[in-house]
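Data first, discussion second: the structure below is written as structure tokens.
Numbering (mature numbering (1 follows the signal peptide of the UniProt record, and there is no 0)), first residue to last: -21 to -1, 1 to 126.
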């Protein structure tokens, strides 16, 4: 009977360790999903920015076939863009957790802002009192890269 106590304690330790490992795996998966999504948004942003430089007077949404995207690039259904007043906006609805943090850390250009569309205003970690009004075509709650 007295040997059951150490056995139960060992089983409790092992189950706690298993939960810890599962949590680490879930965090790593979420980080990877945010990184993959963020990198896809950056590739898409570069293609839209290139189009905007070549066609500076264009406003609206460009047909995907007109963008200089790599042949291997697959745009997800919930990603889009808008060109308005010489600015480029790339957005993603239903964004994975951690996407804004990943984009904020990976964007090195001070002219590029990252945030969420809240009632037509870009709200992000670098807002610091600035308000950027977004085009009405960008869905509420989308993660947005504005350049």
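Glycine included, each C-beta is placed from N, C-alpha and C at the ideal position.
Per DSSP, the bridge partner or partners of residue 111: Per DSSP, 101.
Local conformation of residue 116 per DSSP, three classes: Three-state result, residue 116: coil.
Buried or exposed by the 16-neighbour rule on C-beta atoms within 10 Å, applied to residue 34: It counts as exposed.
Assigned secondary structure, residue 48 (DSSP; H/G/I helix, E/B strand, else coil): Note: residue 48 maps to coil in three-state DSSP.
Cβ neighbour criterion (16 or more within 10 Å) applied to residue 120: Around the beta-carbon of residue 120, fewer than 16 other beta-carbon atoms lie within 10 Å, marking it exposed.
Length at least 3, wholly inside the stretch 33 to 77: the beta strand (DSSP E) runs in chain order: Runs of the beta strand (DSSP E) inside the stretch 33 to 77: 58 to 63 and 66 to 71.
Beta-carbon spacing of residue 138, residue 13 below 8 Å: The structure shown does not extend to residue 138, since the chain is modelled only from -21 to 126, so the question has no answer here.
Proximity below 8 Å, CB of residue 67 to CB of residue 31: Cβ atoms of residue 67 and residue 31: closer than 8 Å.
Residues bridged to residue 138 [DSSP beta-bridge criterion]: What the structure shows of the chain is the stretch from -21 to 126, and residue 138 is not part of that stretch, so it cannot be assessed.
CB contact flag (residue 46, residue 27, <8 Å): With contacts defined by Cβ atoms closer than 8 Å, residue 46 and residue 27 form a contacting pair.
Residue(s) in a DSSP beta bridge with residue 122: Note: residue 122 sits in a beta bridge opposite 71 and 95.
Through-space distance from residue 117 to residue 84, alpha-carbon basis: Taking the straight line from one Cα to the other gives about 23 Å.
Span separating the alpha-carbon of residue 112 from that of residue -4: Straight-line spacing of the CA atoms in residue 112 and residue -4 works out to 47 Å.
Span separating the alpha-carbon of residue -20 from that of residue 18: The alpha-carbon atoms of residue -20 and residue 18 are separated by roughly 57 Å.
Chain-order list of residues whose beta-carbon lies under 7 Å from that of residue 63 (same chain, five-residue window excluded): If you ignore the 5 residues before and after residue 63, its C-beta comes within less than 7 Å of the C-beta of 38 and 114, all in its own chain and listed in chain order.
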